[in-house]
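Asks:
There are 2 protein chains.
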Amino acid sequence: MSCAGSRARVVAAGVDAPRQPTRGPDPSTVRLVTAGEETGTFRGIRVGRIAAPLREQVIDGLRTAILEFELQPGQRLVERELVEQTGVSRATIREALRELAAEGLVVTVPQKGAMVYKPSADEARDLYAVRASLEALTVRRFIERARAAHHDRLRATVTALEEDVADGADMHRLLRDKDLFYTELLAGAASPTIEQILGGVQARVRLLRATSMSQPGRAAQMAAEMRALVEAITARDVASAQRLCIEHLDNAAATALAALDGVGRQGS
Amino acid sequence: MSCAGSRARVVAAGVDAPRQPTRGPDPSTVRLVTAGEETGTFRGIRVGRIAAPLREQVIDGLRTAILEFELQPGQRLVERELVEQTGVSRATIREALRELAAEGLVVTVPQKGAMVYKPSADEARDLYAVRASLEALTVRRFIERARAAHHDRLRATVTALEEDVADGADMHRLLRDKDLFYTELLAGAASPTIEQILGGVQARVRLLRATSMSQPGRAAQMAAEMRALVEAITARDVASAQRLCIEHLDNAAATALAALDGVGRQGS
DNA sequence: TTTTCCAGATTGTCAGACAGACTCACGATC
DNA sequence: GATCGTGAGTCTGTCTGACAATCTGGAAAA
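Top line first, the protein sequences correspond to chains A and B.
All residue numbers for the first sequence refer to my numbering, where the first residue is 180 and numbers rise by one.
All residue numbers for the second sequence refer to my numbering, where the first residue is 180 and numbers rise by one.
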């Protein structure tokens, strides 16, 4: 992900690359410009605001690791191990864990520590319900606010998804396609507030999506649903779009929950 | 070693009541049973789990101070000052701030520090929209899951609210009444997931409610809306209840936004 | 008056310590 | 042989002290 030479590796869970001295004020850490954030322009020269604090890098790294299943749901996150893997101090790790905990991606048991969030069947049901509500809202906002370019990009993500499904791409790839779709949807909805809240929910649901999408036949059905949804959005038909959105998530929930019941718990 | 005399005051923002020893392992801290949490029962003897970590106490204190407007929206939260007011170390304060930041009650500007969240008009609009979606969902869950006792308690909160409105109680009191209503609603809905997510949104909206509810005439209207809502819930009429819920929040949003535009920014 | 520069205040991060809570295996007891 | 303590080791919760980098406000210089 970001980062420089040897520092603050992306906490790749398990992999341990050796580490240099590492000091707070180490210049090699500071120079890189973190994507978004406050970036100004002066006379055509991009002035990147300092990379996010180290803490942010750690948070991003952990979040990615969790969402990519490098860290399995239920897995314990021992502070000392994270310190070794990331090279940052325990204080920083703890701050990062607190933030991820508030975000819902990790749960903290007092006197026991943090572990990757592992939704129960009941929680999963509610997460899907919450997500359906919020996505319906997002779709409405998209139709209200998005400009032509947004519509085009949104349609493009669905096309890409369909192609990957046709090619029989693996689940990993399809998940990424869907992520792109939602990224565009949120961009067009132009609401940082919704983005933040829905983002947290989607992240947690993502921990379930792996199981749901690997069900045979589900991928094709999913692509069809997305296509219908995006058509309704293009037609600026709020009611239909919201209905399709909710139906899509109902289906996804049903599949995921069925898989959850069937599989039980192997894994970690 | 560790601390002594005057420590860990409950961060009452400004007010400083003296405090007892209080240490992590100090028995006087440990003995109190934190409301919910893991509490087991053995042969009729309630075994309370340890009080929340110090950090949790700080978070609760800060959260309360913010929601009670002891800390004004936009006000800076300087770490050193919090350390002095609470008596806990900077590390603990920082962890608490990270958690509140992820929760949305404080915003953190890199290299600048934390300040109490102060929603812009746009953000306020979206917050109300998100809240409407989620509360409609909550109402549905309540009707699905709540038992008779829940219904009774919910009705009771509305009755109390009506009485306070009739008595011309102050806004502070009315806010508390509404909080009780929502507490009951969430209890009946029996969904920790929804509670967590909606809780964060409500907290942020609460920072606006003070202005909206102090508008003349709004209190009575609000009480009437709540009454209608609770009647629909009692009748288990999901569609009507959801509609009333959304209408109620649309009104609240309109009032709050009007007040927000009119007032501008005085305060801190 | 405007620009420059310095000192103080504040955040970001680190290192090291230590008490208390938890886990678990080992040996003593019934 | 099964139960109960006990003790070592591990890990979290907190504290202390320190220092670099950044920001801010105001004094000094142009």
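Backbone N, C-alpha and C fix where the C-beta goes; we use that ideal spot for every residue, glycine too.
Name the residues in the stretch 293-304 of chain B whose C-beta lies less than 7 Å from a C-beta of chain A; which are they?
Replies: Answer set for the stretch 293-304 of chain B: GLU302.
Asks: Taking 6 Å as the limit between beta carbons, can you name the residues of its chain near ALA293/B, skipping five residues before and five after?
Replies: Only LEU256, LEU276, VAL285 and THR287 meet the Cβ criterion.
Asks: Alpha carbon to alpha carbon, how far is ASP239/B from ARG415/A?
Replies: Whole-angstrom Cα-Cα distance: 44 Å.
Asks: May I ask you to report which of helix, strand or coil DSSP gives ALA345/B?
Replies: Three-state DSSP puts ALA345/B in a helix.
Asks: With a 10 Å radius around its C-beta and 16 neighbouring C-beta atoms as the bar for buried, classify GLY266/B as buried or exposed.
Replies: Buried.
Asks: For ASP331/A and LEU316/A, I'd like the C-alpha separation in whole angstroms.
Replies: Each residue's alpha carbon lies about 20 Å from the other.
Asks: Of all the residues that make up the stretch 358-382 of chain B, which are near chain A by a beta-carbon distance shorter than 8 Å?
Replies: Listed in sequence order: SER370, PRO371, THR372, ILE373, GLN375, ILE376, GLY379 and VAL380.
Asks: Using a C-beta cutoff of 8 Å, does VAL209/B count as contacting chain A?
Replies: Here the model assigns VAL209/B a pLDDT of 28, short of 50, so the residue's position is not dependable, and the following value carries that caveat. Judged by the 8 Å Cβ criterion, VAL209/B is not in contact with chain A.
Asks: Can at least three beta-carbon pairs, one atom from the stretch 339-358 of chain A and one from the stretch 395-414 of chain A, be found at a separation below 8 Å?
Replies: Output reads yes: the stretch 395-414 of chain A touches the stretch 339-358 of chain A.
Asks: Is the Cβ-Cβ distance between ALA433/B and ARG388/B less than 8 Å?
Replies: Contact flag unset, no.
Asks: Let me know if GLU278/A comes out buried or exposed under the rule of 16 or more other beta-carbons within 10 Å of its beta-carbon.
Replies: Looking at its Cβ environment, which holds 16 or more other Cβ atoms inside 10 Å, GLU278/A is buried.
Asks: Assuming ASP305/A and ILE373/B make a contact with CB atoms under 8 Å, what is their CB distance in whole Å?
Replies: Yes, ASP305/A and ILE373/B are in contact; Cβ-Cβ is about 6 Å, under 8 Å.
Asks: Name the one or two DSSP bridge partners that THR287/B has.
Replies: THR287/B is bridged to ALA293/B.
Asks: What is the rounded straight-line gap between the Cα of ALA431/A and the Cα of SER419/B?
Replies: Going from the Cα of ALA431/A to the Cα of SER419/B covers about 27 Å.
Asks: Anyone know if the C-beta pair for GLY367/B and LEU340/B falls short of 8 Å?
Replies: No, they are not a contact pair.
Asks: Within the stretch 315-370 of chain B, note down every full beta strand (DSSP E) run reaching 3 residues or more, in order along the chain.
Replies: None, since the stretch 315-370 of chain B contains no complete beta strand (DSSP E) of that length.
Asks: Relative to the C-alpha of LYS291/B, which residue among PRO232/A, VAL384/A and ALA369/A is closest?
Replies: Answer by Cα proximity: PRO232/A.
Asks: Looking at the structure shown, is LEU428/A part of a helix, part of a strand, or coil, going by DSSP?
Replies: Note: LEU428/A maps to helix in three-state DSSP.
Asks: Have a look at LEU313/A, GLY253/A and ARG269/A and flag the residue whose alpha-carbon is nearest the alpha-carbon of GLU260/A.
Replies: When only C-alpha atoms are compared, the closest one is ARG269/A.
Asks: For the stretch 405-421 of chain A, enumerate the residues whose C-beta is nearer than 9 Å to any C-beta of chain B, in chain order.
Replies: Answer in chain order: no residues at all.
Asks: Using Cβ-Cβ distances below 9 Å, what residues of the stretch 231-248 of chain B are close to chain A?
Replies: If the cut-off is 9 Å between Cβ atoms, the stretch 231-248 of chain B has ALA231, PRO232, ARG234 and GLU235 near chain A.
Asks: Of all the options VAL318/B, LEU377/B, ILE272/B and GLU410/B, which has the alpha carbon lying nearest to the alpha carbon of GLN236/B?
Replies: Nearest C-alpha to GLN236/B: ILE272/B.
Asks: Look at the alpha carbon of LYS297/B and the alpha carbon of LEU386/B, and state the distance between them as a whole number of angstroms.
Replies: Those two C-alpha atoms are separated by around 8 Å.
Asks: Cβ closer than 8 Å: which chain B residues qualify as neighbours of SER175/A?
Replies: Any answer about residue 175/A is impossible in this case: the structure gives chain A only from 180 up to 447.
Asks: Just grab the DSSP bridge partners of LEU256/A for me.
Replies: Answer is ALA293/A, bridged to LEU256/A.
Asks: Counting only beta-carbon atoms, is ARG277/B nearer than 8 Å to chain A?
Replies: Closer than 8 Å: yes.
Asks: Less than 8 Å between the C-beta atoms of ILE245/B and VAL309/B, yes or no?
Replies: In this structure, VAL309/B does not lie closer than 8 Å to ILE245/B by Cβ.
Asks: Do you know offhand how far GLU258/A's Cα is from GLN421/B's?
Replies: The straight-line gap from Cα to Cα measures roughly 45 Å.
Asks: Since ALA275/A is in the alpha helix (DSSP H), which residue starts that stretch and which ends it?
Replies: It spans 269-282 - the alpha helix (DSSP H) in which ALA275/A sits, taken as one unbroken run.
Asks: Name the chain B residues whose beta carbon is nearer than 8 Å to that of VAL309/A?
Replies: Here the neighbours are LEU313, LEU316, THR372, ILE373 and ILE376.
Asks: Using a C-beta to C-beta distance shorter than 7 Å, which residues of chain B count as neighbours of GLU282/A?
Replies: What GLU282/A touches in chain B: ALA281.
Asks: Following a CB-centred definition, is ILE245/B positioned closer than 7 Å to any heavy atom of the ligand GTP?
Replies: Absent from the structure shown: the ligand GTP. Ligands present: none.
Asks: When the distance is taken between beta carbons, is LEU377/A closer than 8 Å to LEU428/A?
Replies: No, they are not a contact pair.
Asks: Should ARG273/B be flagged as near chain A, meaning a C-beta pair shorter than 8 Å?
Replies: It does; some Cβ of chain A falls within 8 Å.
Asks: What does the Cβ neighbour count give for PRO252/B, buried or exposed, with the cut at 16 atoms within 10 Å?
Replies: Looking at its Cβ environment, which holds 16 or more other Cβ atoms inside 10 Å, PRO252/B is buried.
Asks: With 8 Å as the threshold, decide whether the Cβ of ALA270/B is near any Cβ in chain A.
Replies: Yes, because at least one Cβ of chain A sits closer than 8 Å to the Cβ of ALA270/B.
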